[in-house]
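In order, the protein sequences belong to chains A and B. Counting in this note's numbering, the first sequence runs without a single skipped number right up to 274 at its last residue. Counting in this note's numbering, the second sequence runs without a single skipped number right up to 274 at its last residue. For glycine and all other residues, C-beta sits at the position ideal for the given N, C-alpha and C. Since the structure is predicted, the reported quantities are computational estimates derived from the model, not experimental observations. Okay, so here's the structure we're looking at.
2 protein chains.
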Amino acid sequence: MPEGNLKKTKRTNLVRNSKRAVYDRTVVNEIIDATPLCHVSYIIDGRPYVTPTLQWREGDMIFWHGSSASRFLHQIVGKDVCLAITHFDGFVLARSAFHHSINYRSVMLFGQATKIEDAQKKELLQSFVEGLIPGRWEHLRPMTDQEAKATTVFSMPIDEGSAKVRSGPPGDDEDDYSLPIWAGLLPVSQVLHDPVPDPKNLDGLEVPTHIRDFKLG
Amino acid sequence: MPEGNLKKTKRTNLVRNSKRAVYDRTVVNEIIDATPLCHVSYIIDGRPYVTPTLQWREGDMIFWHGSSASRFLHQIVGKDVCLAITHFDGFVLARSAFHHSINYRSVMLFGQATKIEDAQKKELLQSFVEGLIPGRWEHLRPMTDQEAKATTVFSMPIDEGSAKVRSGPPGDDEDDYSLPIWAGLLPVSQVLHDPVPDPKNLDGLEVPTHIRDFKLG
C-alpha cells in the first residue's frame with residue numbers, strides 16, 4: 058500500500074517551480090513504471106556524475122542495478138543520490154521562440170543508495186525481469202549464485218521527490234494568438250518494433266507468447 | 058572543425074569499463090545530435106542533483122538552457138557538471154537473466170557550466186531553434202530582449218567524456234547457446250507522429266513545410 062504522497066523538502070523546492078511540482082504518489086508511480094531507463098547522479102571525490110541505468114519499482118521502493126565489477130558503483134554505497142526518470146512526449150511549437158517547449162513527464166527522487174545483500178538479490182532480480190518482461194523468467198537458464206554476486210543492486214525509498222509534467226498545446230502570450238503563425242504539437246513516443254530473433258537461436262524456435270504479447274511501459 | 062577525440066581522464070575511466078568506452082568525436086557528436094534531451098547533474102550544498110533539460114551542439118561546444126527565474130540554475134554557474142545523453146534502442150533478451158540487457162547509445166561529458174552573456178544569447182537561441190526545427194525561426198514573432206534575459210544559457214566544451222554503445226544480439230554464455238530458449242531483440246525507437254494544430258490557430262492556417270518536413274534526430 059502506498060504511504061501517501063511524496064515529501065516536499067528544501068531539495069524538492071529548489072529544483073521545482075512549486076506551481077509545476079506534483080507530489081501525488083499515483084502520478085509518480087505511473088511515470089516510474091512507464092520506462093526502465095533512469096539517470097542516477099552521485100558525488101565522487103567532490104564531483105558530480107550521472108549514469109544511465111535500469112530501474113524498477115516495488116511498492117514504495119525503487120531499485121537499480123549495475124555490475125559488481127564497476128569501481129564506480131562501489132563508491133556510492135550509502136551515499137546521497139538523485140534519480141531522474143524522464144519521458145519525452147514531443148515538441149511544443151509556439152508563436153514565439155520563447156514559448157517553445159517540450160511535453161514531458163518526469164520524476165526526480167532523492168535519497169541514499171542502499172546496497173542489497175546477496176541473500177535478497179536473486180529474488181529481487183527475478184522480480185525485475187518479471188516486471189520488465191512478464192513470463193520470461195521461467196523460460197531462462199536459472200541464475201547462478203555467481204551471477205547474483207556479479208550484480209550489484211541498490212534500493213531507495215520513494216519518499217522525497219516530485220513529478221513534473223507538461224502536456225497540451227503551447228501557452229503563448231495573449232497578443233500573439235492573433236498572429237498568423239502555425240502553432241501546435243509534434244508528438245513523439247517510444248514504440249516497440251517486431252521481435253528480432255538471435256541468429257544463433259536453435260532451428261524451429263518460435264517467438265514465445267511472452268515476447269509476442271510484450272507491451273512497452 | 059572537430060579538435061580530435063575526447064580526453065580520457067580519471068573521471069572517464071571511473072565510469073566506463075575501458076573496453077566499452079568510445080572517445081571518437083564523430084560517434085559522440087552523432088549521439089548528441091540525435092536528441093535534444095539530456096540530463097545534467099550538479100552539486101548544490103554538497104548534494105547531487107540531476108535535471109532533464111534540452112541541449113544543442115555547435116561544433117565542439119554543447120549548450121543547455123533554463124529559466125533565469127530558477128533559483129537552481131543560479132547556483133551552478135561555473136560549477137562542475139556531468140551531462141548525459143542516452144538513447145534507449147531496445148531490450149536484449151538472452152538465454153540467462155544475467156545476460157539480459159538493453160541496446161543503447163550514450164554520451165557522458167564532464168566540464169564546468171559557463172553562463173552565456175546576454176549579448177550572445179539571442180543568436181545562440183536562434184541557432185538552437187533552427188537546429189531543432191529548421192526553418193521555424195523566420196516564422197516566429199521576434200524574440201524580445203526581455204525574453205532573452207529570461208532565459209539562462211550554459212555552455213561547456215565537448216572535451217572530456219566518452220560514448221558507450223551497445224548494439225546487436227545478446228551475448229550469452231557459450232554453453233547456453235545449445236538451450237531451446239528464444240533469444241533476440243525487442244527494438245524500441247522514438248517516433249514522430251502527425252502534427253497536432255493548436256486549437257487556437259487562426260482559421261485557414263495550413264501546416265507549414267518546415268513542420269511537415271520535420272524529422273527526428
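Interface flag, residue i vs chain A, CB-CB below 8 Å
i, result
"serine 125/B", "no"
"proline 256/B", "yes"
"tyrosine 106/B", "yes"
"glutamate 231/B", "no"
"leucine 63/B", "no"
"valine 253/B", "yes"
"methionine 58/B", "At methionine 58/B the pLDDT is 44, less than 50, meaning the model places this residue with poor confidence and gives no usable figure here."
"aspartate 117/B", "no"
"valine 72/B", "yes"
"aspartate 137/B", "yes"
Top-ranked residue by Cα proximity to residue i, from the options
i, options, result
"threonine 209/A", "Gly135/A, Thr69/A and Lys172/A", "Lys172/A"
"tryptophan 113/A", "Asp251/A, Asp260/A, Glu87/A and Leu130/A", "Glu87/A"
"aspartate 232/B", "Tyr106/A, Pro105/A, Arg198/A and Leu262/A", "Arg198/A"
"proline 256/A", "Asp81/A, Val264/A and Met165/A", "Val264/A"
"glycine 225/B", "Arg223/A, Pro254/A and Lys221/A", "Pro254/A"
"glycine 192/A", "Arg68/A, Thr83/A, Pro109/A and Arg269/A", "Arg269/A"
"glutamate 115/A", "Arg223/A, Asp260/A, Val222/A and Gly188/A", "Gly188/A"
"isoleucine 101/A", "Gln132/A, His196/A and Lys221/A", "Gln132/A"
"threonine 110/A", "Asp202/B, Ser212/B, Arg223/B and Gln183/B", "Arg223/B"
Cβ of residue i within 8 Å of any chain B Cβ
i, result
"alanine 154/A", "yes"
"methionine 200/A", "yes"
"lysine 272/A", "no"
"phenylalanine 129/A", "yes"
"leucine 181/A", "no"
"alanine 91/A", "no"
"valine 79/A", "no"
"tryptophan 121/A", "no"
"arginine 162/A", "no"
"glutamate 204/A", "yes"
"leucine 94/A", "yes"
"alanine 220/A", "no"
"isoleucine 159/A", "yes"
"valine 134/A", "no"
"phenylalanine 211/A", "no"
"serine 98/A", "yes"
Spatial neighbours of residue i in its chain, beta-carbon cut-off 7 Å, leaving aside the 5 residues before and after
i, result
"threonine 66/B", "Glu217"
"aspartate 229/B", "Ala151, Arg152, Ser153, His156 and Ala240"
"proline 214/A", "Asp117, Met118 and Gly168"
"leucine 145/B", "According to the sequence displayed, residue 145/B carries phenylalanine and not leucine. Answer for phenylalanine 145/B: Ile159, Tyr161 and Val245, listed in chain order."
"leucine 181/B", "Phe120, Ile173 and Val210"
Sequence-distant residues of its chain with Cβ nearer than 6 Å to residue i (five each side left out)
i, result
"leucine 140/B", "Cys95, Val97 and Leu166"
"proline 227/B", "Val149, Ala151, His156 and Ala240"
8 Å contact criterion, which residue i and residue j should meet: CB distance rounded
i, j, result
"alanine 91/A", "glycine 274/A", "4 Å"
"tyrosine 80/B", "serine 219/B", "5 Å"
Residues that residue i contacts on chain E, provided the C-beta gap is smaller than 8 Å
i, result
"arginine 68/B", "Of the protein chains in the structure, A and B, none is chain E."
Query raised in the report: Given a limit of 7 Å on CB to CB distance, which residues of the region 233-246 of chain B reach chain A?
Result: Asp233, Tyr234, Leu236, Pro237, Ile238, Trp239, Ala240, Gly241, Leu242, Leu243, Pro244, Val245 and Ser246
Query - Within 8 Å of chain A by C-beta, residues of the region 169-194 of chain B in sequence order - result: Leu182, Gln183, Val186, Leu189, Ile190, Arg193 and Trp194
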